[in-house]
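A short worksheet on the structure shown next.
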Amino acid sequence: MRPVPTCILSSADAPRAVDGHDLDRYVQIGSLTKPLTATVLTRLAEAGALQLDDPIEQFLPAPPGTGITLRHLAAHTSGLPRLPPHLHRRDPYAPFDDQALDTLVRRLDTLPTAAPGHAEEYSNLGYAVLGAALASATGSSYEELLERHVLAPLGITEISVSPPPHLRLHRTGMFGRPVRPWTMDGAILPAGGLWATPRAAARLVVDLLVERKLGEPTPFWQTAGPLRWHNGATRDASVFTGALPDGTWVLIHRLSGNAEQTDEIGIARLQSITARKAS
Numbered sequence: 003m004r005p006v007p008t009c010i011l012s013s014a015d016a017p018r019a020v021d022g023h024d025l026d027r028y029v030q031i032g033s034l035t036k037p038l039t040a041t042v043l044t045r046l047a048e049a050g051a052l053q054l055d056d057p058i059e060q061f062l063p064a065p066p067g068t069g070i071t072l073r074h075l076a077a078h079t080s081g082l083p084r085l086p087p088h089l090h091r092r093d094p095y096a097p098f099d100d101q102a103l104d105t106l107v108r109r110l111d112t113l114p115t116a117a118p119g120h121a122e123e124y125s126n127l128g129y130a131v132l133g134a135a136l137a138s139a140t141g142s143s144y145e146e147l148l149e150r151h152v153l154a155p156l157g158i159t160e161i162s163v164s165p166p167p168h169l170r171l172h173r174t175g176m177f178g179r180p181v182r183p184w185t186m187d188g189a190i191l192p193a194g195g196l197w198a199t200p201r202a203a204a205r206l207v208v209d210l211l212v213e214r215k216l217g218e219p220t221p222f223w224q225t226a227g228p229l230r231w232h233n234g235a236t237r238d239a240s241v242f243t244g245a246l247p248d249g250t251w252v253l254i255h256r257l258s259g260n261a262e263q264t265d266e267i268g269i270a271r272l273q274s275i276t277a278r279k280a281s
């Protein structure tokens with residue numbers, strides 16, 4: 003079995019990249035995009051541009067009376083399914099463009115599997131709808147909102163929708179050729195389409211969760227007790243990050259879509275740092 007290119011960044015040790023990973027080249031961060039989208043939502047709400055409990059039909063051509071709010075979308079309690087329907091097998095999100103999302107939004111009353119607010123079901127579709135609603139509410143693109151409300155205030159530049167091809171790091175196939183990544187710069191972008199250098203992703207986590215440079219973190223991070231965390235995966239890349247109230251944090255990125263193994267490495271790393279602090 004070939005070794006998996008891996009990078010490990012944490013509060014305890016110097017950043018480390020092994021087996022061909024690179025701390026300064028752009029990699030897909032998958033659903034680690036979601037807490038950034040949620041941070042945009044929270045900052046817009048704090049600025050009075052919208053309210054968390056605004057219904058989505060206020061911003062998008064959804065049927066009235068769905069009961070789905072921006073908060074429901076951010077918290078994965080909208081009742082929407084995990085994925086949009088009719089995805090392609092090889093490059094699932096390639097056909098999921100703005101027109102495809104608009105078509106789904108117009109029949110959003112037929113898609114929920116549960117009433118909003120009653121159960122949590124992790125939903126990429128929900129975050130695609132959320133991103134479209136934020137863009138509609140402000141008259142700005144998702145990229146503009148992310149830059150204005152998150153990246154520019156933190157002075158972070160190495161997070162991008164479409165980084166230069168020569169700066170991207172891809173998993174390689176059997177004969178050493180780069181594997182073409184999924185297309186995720188369409189309507190799915192707010193749910194999982196960003197690229198970042200591992201250094202920039204780690205700095206983002208520190209700025210948001212440890213140093214709290216933008217104030218209290220958005221409540222829409224995943225939580226487990228005191229741990230705020232999130233992961234993400236595409237076909238060829240996976241990431242885990244988490245931070246504790248005492249400032250302990252970790253970010254793991256691997257050129258492998260096996261998110262479960264990446265999560266296990268990240269959690270073990272957090273436990274190791276905590277044990278060292280206690281000894």
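Its first residue numbered 3, the sequence shown is counted upward by one per residue in this note's numbering. For every residue, glycine included, the Cβ atom is placed at its ideal position computed from N, Cα and C. Only a predicted model underlies this, so the values are computations on that prediction, with no experimental measurement involved.
If you draw a straight line from the Cα of L85 to the Cα of G133, it is about 15 Å long.
Taking the Cβ atoms as the reference, N126 lies roughly 6 Å from I190, within the contact range of under 8 Å. For T41, the enclosing alpha helix (DSSP H) stretches over residues 35 to 48. For Y28, the three-state secondary structure derived from DSSP is strand. In the structure shown, the three-state DSSP call for P180 is strand. Around F61, the same chain offers A135, S138, A139 as residues with beta carbons nearer than 6 Å, after the five sequence neighbours per side are excluded. Apart from the 5 residues on each side of it in sequence, P37 sits with its Cβ closer than 7 Å to the Cβ of T220, F222, W223, H232 in its chain, given in chain order. Separation of V29 and T35 (C-alpha to C-alpha, rounded to the nearest whole angstrom) is 12 Å. DSSP links A102 through a beta bridge to no other residue. Secondary structure of N126 (DSSP, three-state): helix. In the DSSP assignment, W223 is bridged to no other residue.
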